[in-house]
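Counting with the UniProt record's numbering, you get residues 1 to 286 for the letters of the sequence shown. Positions of the beta carbon are idealized from the N, C-alpha and C atoms, including for glycine. Predicted, not measured: the structure shown is a model, and the values here were computed from it. The next block holds one structure in the form of structure tokens; read it before the comments.
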Amino acid sequence: MSTYKNKESKQKSLTLYDSQLSKLGKDYSDIFLKTSFGRTHLVETGNKNGKPLLVFHGGNTSTAYNLLVHKFLLENFHIYAVDTIGHPGKSEETNLSPKNDTYGKWASEIIEALAYDKMACFGVSYGGGIIAKLMSVAPEKIDKAVLLVPAGINNAFPLSTIKMLLPLMQYKITKKEKYLRKIALFMTIKQEILDQDTLVILKDSFEHVRIKAGMPTNIDSKKAQLYEAATLVIAAEKDCFFPARKVLARAKQMFKNCLTEELKDSGHIHQLSDKIKSKIVDFLSD
1 MSTYKNKESK QKSLTLYDSQ LSKLGKDYSD IFLKTSFGRT HLVETGNKNG KPLLVFHGGN
61 TSTAYNLLVH KFLLENFHIY AVDTIGHPGK SEETNLSPKN DTYGKWASEI IEALAYDKMA
121 CFGVSYGGGI IAKLMSVAPE KIDKAVLLVP AGINNAFPLS TIKMLLPLMQ YKITKKEKYL
181 RKIALFMTIK QEILDQDTLV ILKDSFEHVR IKAGMPTNID SKKAQLYEAA TLVIAAEKDC
241 FFPARKVLAR AKQMFKNCLT EELKDSGHIH QLSDKIKSKI VDFLSD
């Protein structure tokens, strides 16, 4: 099934992709890799003299938006930002199952195709779940990992998430921004952090993308025991999808070398403090 609703939707989504990439203010180049799951696109950018960092974005959004939100990474790291296959971007529109280890095998092939033995990894939400699957399939290919509000650790959706359905239906019927903001508020918690880039990417997802609701499933504890690389798991206290109290508890239980950080009074979509940004950079740089 196509990632987009139709050809016009695809064009509009990719136009937004290119527009948000241009806002980075950094040189970037396109890389297309062959994998057994389909052609995969990456954006290479950041500090070419820095440590290589493989970056995975959230589901139903894009690498361009993810880089814009986490622009602080570009100063220190040689970024390889992946367009998740089957999601918005320039990779193959092949649908991979989030219920098994397929995403992990795909991520492993990306590292091989880039000619690295192992890489530091940074993943947000769905992208964190992809890295978790990589931990299960090829733990030796991860140098270090930062998982930010990740899927795949403890996917225990609160019942309150169902409340998002009403404004979503209202938005689909009316296309009024006030309903889009109500949907976003479930994820941001705080109205003041809802910036234009986030509103635009959410609008793009709901209007142009065939939404994939399934998240990468929780990784098996026994497989996680084989993973030994240092990992920083950051979860948000009021995350409507992956609340910190559930995610961090299981991460500490599963991973041998794990640091955790809770984003207090924060939702799934949030703003990282300078302190947390510095912690991420320092952790990945060591």
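Nearest to L14 by C-alpha distance, out of S62, H78 and L67, is S62.
As computed with DSSP, T40 is found in a beta bridge with L33. Going by beta carbons, L199 and L185 fall outside the 8 Å limit.
Between the alpha carbons of E112 and A235 lies a distance of about 29 Å. By the Cβ-count criterion, K275 is exposed, with fewer than 16 other Cβ atoms from all chains shown falling within 10 Å of its own Cβ.
The distance from the Cβ of L96 to that of Y80 is about 19 Å, inconsistent with a contact at the 8 Å cut-off.
In the structure shown, T94 adopts coil according to DSSP, grouped into three states. Residues of the same chain with a CB within less than 6 Å of the CB of K90, apart from the 5 flanking positions on each side, are H41 and D83 in chain order.
If you draw a straight line from the Cα of C258 to the Cα of A64, it comes to about 29 Å. In the pairwise beta carbon analysis, the region 234-250 is classified as not touching the region 115-124: fewer than three pairs are separated by under 8 Å. Contact between A156 and K222 is absent: CB atoms are separated by about 20 Å, not below the 8 Å threshold.
Of D265, K118 and L134, the smallest CA-CA separation from I193 is found for D265. Contact between M215 and A145 does not hold, since the beta-carbon distance rounds to 18 Å and is not under 8 Å. The beta-bridge partner set that DSSP reports for P139 is empty. Assignment of A229 by DSSP, reduced to helix, strand and coil, places it in the coil class. Here D282 is exposed, its C-beta having fewer than 16 other C-beta atoms within 10 Å.
The Cβ atoms of S278 and K51 lie no closer than 8 Å to each other. Inclusion of T161 and C240 in the CB contact set at 8 Å is warranted, their separation being smaller than that value.
Here the C-alpha atom of E228 lies approximately 11 Å from the C-alpha atom of S136.
The alpha carbon of D195 has as its nearest neighbour, out of Q271, F77 and A107, the alpha carbon of Q271. CA-to-CA, the gap between E75 and V43 works out to about 15 Å. Nearest Cα to A251 within the set Q225, S9 and L263: Q225.
By the CB criterion at 8 Å, K133 and Y103 fall inside the cutoff.
Under the three-state reduction of DSSP, T217 is assigned to coil, being neither helix nor strand.
Straight across, the Cα-Cα distance linking K190 with M169 is about 22 Å. Short of 8 Å from the beta carbon of G267, and not among the five residues preceding or following it, lie these beta carbons of its own chain, in chain order: F186, M187, T188, I189, K190, A236, K238, D239 and C240. In this structure, the CA atom of A244 is about 9 Å from the CA atom of E261.
Across the structure, Q11 and M254 are spaced so that their CA atoms are roughly 42 Å apart.
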